[in-house]
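Taking this note's numbering, the leading residue of the sequence shown gets 14, the next gets one more, and so forth.
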Amino acid sequence: MNRVEKNLVNKQETASKYAILAATTYADDRVKVLNRTDTFGIFDRWGDILPLPDGIHGLYHRDTRYIHHLQLQLNDTRPLLLSSTVREENESLSVDLTNQELRDEAGYRIPKGSIHIRRSQFIRNGIFYEKLEFMNYHHQVCSLVCMLSFSADFRDIFEVRGLKRQARGKLLAPFSPEPNQLILGYEGLDKIRRYAIIDFEKNVPHLRLQEPLAAVFPLTLQPGRQHVLEYNISFREDSLQRIGTDHGEALKHLQLQLQEVRESFPEIFTSNEQFNNWVNRSKTDLVSLTATTPYGKYPYAGVPWYNTAFGRDGLITAYETLWLLPELSRDVLFFLAAHQADATDKATEAEPGKILHEMRHGEMVNLHEVPFQRYYGTIDATPLFVMLAGAYYERTADMAAVQKLWPHIQRAMEWIVQYGDRDGDGFLEYFSQNQHGLSNQGWKDSFDAIMHADGRLARAPIALCEVQGYAYAAFQSAARLAHLMQQPHLAETWENKATQLKKQFNERFWDDALQAYVLALDAEKKPCRVMSSNAGQVLFTGIADPEKAAVLAKRLLQPDMFSGWGIRTLSSKEVRYNPMSYHNGSVWPHDVALIANGLARYGYQQQMLALLTGLFDASLFIELQRLPELFCGFERRKGEGPTAYPVACSPQAWSVAAVFLLIQSMLHIEIHAPARRLYFHKPVLPEYLNYVRIQHLPLSYQQWCSFTVYRYQANDAVGIQFLEKPEDWEVIIVQ
């Protein structure tokens, strides 16, 4: 093995250690997830958190699992499960339980099913709340003991994912400064003390401070009478300050927040109730993932593994929702502009003008055991940033935002030209400058995701096909914005680069035998002649020549690529195809939505509808109709749903937002605010939608419209009826 091969093996081993281990699977666990930005919880159906080997149950805050054991017992037995559900607005987990047959201290029999227990759990402002309601339906007094067990491990999220550490900090002795409070602590190697502060509404009759830690409440339940217990858990760093409010007050504030968001989101209503459920679940999931930052709202990538700000994920999620929620795109742009790299740093792969890949908290990033505190190892976030900035202006005509962003856009373009294309061949390539960083830096960032037809892994620098599309769109967007900023020389330069890149791309990346664009060019500029979904994303940016797009549109819907649920990341005919892999044969909803949008862009509406229908049908088999990060790429089987990927994030921002881009693609609606024009390009509706109604869609400041798109069942033609529209806006319908 030569030196180059040894280095490649070392890089692959380093990259693979960040993979999420299969041992952490929870596909058979039927977990319940609650999340509110920096804080989330993963429970079983009883509402418990069990310390399972290699398990992921827990209460997490800022990339640290604080609580890894929380369990309710009655007389040392586990209650029987009746039902369990995350409520429609995603705000709380509601669990109904009853007792097994019990006996009290006097030996009196308490029949099975005598006592109803309702658990209500939710998260707000970094605090977990739980309310326990006990109702005695037996005709006699029931005396029993309720015990809540707690344990904290304070493990970093990367530890939970499977990364081994040479040393950890120390768990602090639990203590109870007050009769209604229990504090669990940990002093990390980063010298930060992290605390889980458990506050009970009432004094605890018996608080056990040795393992297993427990709060014990003797209960005397009168017939037909209810008894209530409430507590909350605050997650704090270097502080023991009490910040929680009571359960009812916190829940009221949470519901008010949700109502405000609900009212700001345009209403989408269709003739199909199941489709409406999909839309509404996606809306509430997106809200639950969206954090409030000093720069506005930002959608965190996904629970549990990526519950933080990712550049690429945030940009694509913003693009998927731009037509509905333009302010989210504005806030995402401001956030990423504020974290744009200023200098070169090989440890974080930062370079001047580069856009953030990932931002993490927690002990391991503080100690630089992993490089992701502020990590810039991505090739596509920077062109996507410029692309979104241009699309945002077209959508809103918000010149004030463009003026604030303009210096950042210029710096991003300088990065694209100077650093993104290091060898000056006109294409954007990546290679990792940090042996502990990501070896692949496109959206398929698994170490084995980029390969040749014979299965050999490609050597970096690597030029991905879809990234050239992002660069093309960035040059176009930057040129339009340069005209606005009265810099015609820059505009001309970038226009010429866009034209040159498109010509060069279609010459170098197209493969007639493959009937598609090759996956990538490797370090020797040799094409990776592999059929992948990356080629489909090329359509999304408009870099494909029309005649090649026509061939590709047909190719993508062939059985080796289209599973029946969506487009596979890799053709089933390829050597490295594995439908159970992360990037080499699975189906990613956001990927499918981008491809569908590209098909609509080139006028292939029927192919777009096939992808929309595949994902809609998949949602019907998935709990809560919540599309996960990905699912396996097995062929669709009659009467069965898609096969779950064992460690997929759910909810995942760009997956739950996919439905909104699919609806935009179906209606093929474009909002051109500078010209005050609303375009519909050959809108279509599938046979299961008789109409789609959009209400209170923002157009520009203090202006909005409402309309219904309906399908004539006789000939499947589509009509549009406006319910309200500003007089100074023009509607153009292209049939």
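Beta carbons: idealized from backbone N, C-alpha and C, even for Gly.
Can you find the residues in the same chain that come closer than 8 Å, C-beta to C-beta, to residue i, ignoring five residues on each side of it along the sequence?
{"i": "T554", "result": "M400, E479, G482, Y483, Y485, A486, G611"}
{"i": "A566", "result": "L552, L612, Y615, Y617, Q620"}
{"i": "P218", "result": "V229, F230, P231"}
By Cβ distance, which residues of its chain are closer than 7 Å to residue i, with the 5 residues on each side in sequence left out?
{"i": "F171", "result": "M377, V383"}
{"i": "V292", "result": "I281, V672"}
{"i": "H496", "result": "A504"}
{"i": "Q708", "result": "P279, E280, S719"}
{"i": "T98", "result": "S107"}
If you draw a straight line from the alpha carbon of residue i to that of residue j, how long is it in whole angstroms?
{"i": "I246", "j": "Q223", "result": "19 Å"}
{"i": "A529", "j": "S599", "result": "19 Å"}
{"i": "D436", "j": "K510", "result": "15 Å"}
{"i": "G261", "j": "Q500", "result": "56 Å"}
{"i": "R343", "j": "F460", "result": "33 Å"}
{"i": "W428", "j": "D438", "result": "15 Å"}
{"i": "D393", "j": "H370", "result": "9 Å"}
{"i": "T77", "j": "W59", "result": "23 Å"}
{"i": "Q665", "j": "L338", "result": "18 Å"}
{"i": "I256", "j": "A402", "result": "38 Å"}
{"i": "F444", "j": "K539", "result": "16 Å"}
{"i": "K515", "j": "A557", "result": "7 Å"}
{"i": "Y39", "j": "A476", "result": "Annotation note: pLDDT 45 at Y39 (below 50); position unreliable, no value reported."}
{"i": "W717", "j": "R689", "result": "11 Å"}
{"i": "D41", "j": "V316", "result": "For D41, the predicted structure reports a pLDDT of 42, less than 50, and the residue's modelled location is therefore unreliable. A value from the coordinates is still provided. So the alpha carbons of these two residues sit roughly 17 Å apart."}
{"i": "L625", "j": "L418", "result": "34 Å"}
{"i": "A304", "j": "R49", "result": "8 Å"}
{"i": "V430", "j": "Q134", "result": "51 Å"}
{"i": "L380", "j": "D169", "result": "12 Å"}
{"i": "L698", "j": "D573", "result": "26 Å"}
{"i": "L674", "j": "F230", "result": "51 Å"}
{"i": "L622", "j": "Q513", "result": "33 Å"}
{"i": "R221", "j": "L195", "result": "10 Å"}
{"i": "L794", "j": "Q517", "result": "Residue 794 cannot be examined here, being either before or after the span of the chain that is shown, 14 to 748."}
If I follow the unbroken alpha helix (DSSP H) through residue i, where does it start and stop?
{"i": "K516", "result": "501 to 521"}
{"i": "Q708", "result": "That residue, Q708, is in no alpha helix (DSSP H); its beta strand (DSSP E) goes 704 to 713."}
{"i": "M426", "result": "412 to 428"}
{"i": "I329", "result": "324 to 334"}
{"i": "R49", "result": "Run containing R49: none in the alpha helix (DSSP H); it sits in the beta strand (DSSP E), 45 to 49."}
{"i": "T361", "result": "Run containing T361: none; DSSP gives neither H nor E here."}
{"i": "H694", "result": "Unbroken run through H694 is the beta strand (DSSP E), 690 to 694; no alpha helix (DSSP H)."}
Please work out which residues of its chain come closer than 6 Å, Cβ to Cβ, to residue i, disregarding the five sequence neighbours upstream and downstream, and give them in chain order.
{"i": "Y704", "result": "S284, T721, Y723"}
{"i": "K183", "result": "E200"}
{"i": "T52", "result": "H74, I136, G139"}
{"i": "M148", "result": "H129, Q239"}
{"i": "Y701", "result": "N285"}
{"i": "Q489", "result": "A511"}
{"i": "E587", "result": "V543"}
{"i": "P474", "result": "E442, F444, A536"}
Taking the alpha-carbon of residue i as reference, which of the options has the nearest alpha-carbon?
{"i": "R568", "options": "G646, V531, G652, E407", "result": "V531"}
{"i": "R325", "options": "W507, Q454, V660", "result": "Q454"}
{"i": "T656", "options": "R639, A631, L674", "result": "A631"}
{"i": "T357", "options": "Y388, L380, M372", "result": "Y388"}
{"i": "Q84", "options": "T77, A471, L63", "result": "L63"}
{"i": "H603", "options": "S668, H374, Y658", "result": "S668"}
{"i": "G433", "options": "I210, D458, L397", "result": "L397"}
{"i": "G198", "options": "P192, L176, L441, F248", "result": "F248"}
{"i": "A526", "options": "A304, A536, M544, T512", "result": "M544"}
{"i": "D117", "options": "W456, W318, T233, Y311", "result": "T233"}
{"i": "Q272", "options": "D259, A533, E683, V300", "result": "V300"}
{"i": "Q446", "options": "E508, A363, M412, A471", "result": "A363"}
{"i": "F629", "options": "C645, A606, G646, I733", "result": "A606"}
{"i": "L115", "options": "R91, A180, G468, A727", "result": "R91"}
{"i": "M593", "options": "L640, P659, G577", "result": "P659"}
{"i": "L640", "options": "L94, H152, A227, T297", "result": "T297"}
{"i": "L637", "options": "L93, E102, D524, P187", "result": "E102"}
For the beta strand (DSSP E) containing residue i, list its first residue and its last residue.
{"i": "T77", "result": "77 to 87"}
{"i": "K125", "result": "Where K125 is concerned, there is no enclosing beta strand (DSSP E), given that its DSSP letter is neither H nor E."}
{"i": "S96", "result": "93 to 99"}
{"i": "R207", "result": "206 to 213"}
{"i": "H219", "result": "219 to 221"}
Give a single yes or no on whether residue i has its beta carbon closer than 7 Å to a heavy atom of the ligand MG.
{"i": "L106", "result": "The ligand MG is not part of this structure, which contains no ligands at all."}
Does the beta carbon of residue i come closer than 8 Å to any beta carbon on chain B?
{"i": "Q268", "result": "The structure shown has no chain B; it contains just one protein chain."}
Three-pair Cβ contact test at 8 Å for the region 676 to 690 versus the region 615 to 627 = Touching, per the Cβ criterion.
At a cut of 8 Å, does the region 343 to 351 reach the region 314 to 333 through at least three beta carbon pairs?
-> Using a Cβ-Cβ distance cut-off of 8 Å, the region 343 to 351 and the region 314 to 333 are in contact, since at least three pairs of beta carbons, one from each stretch, lie closer than that value.
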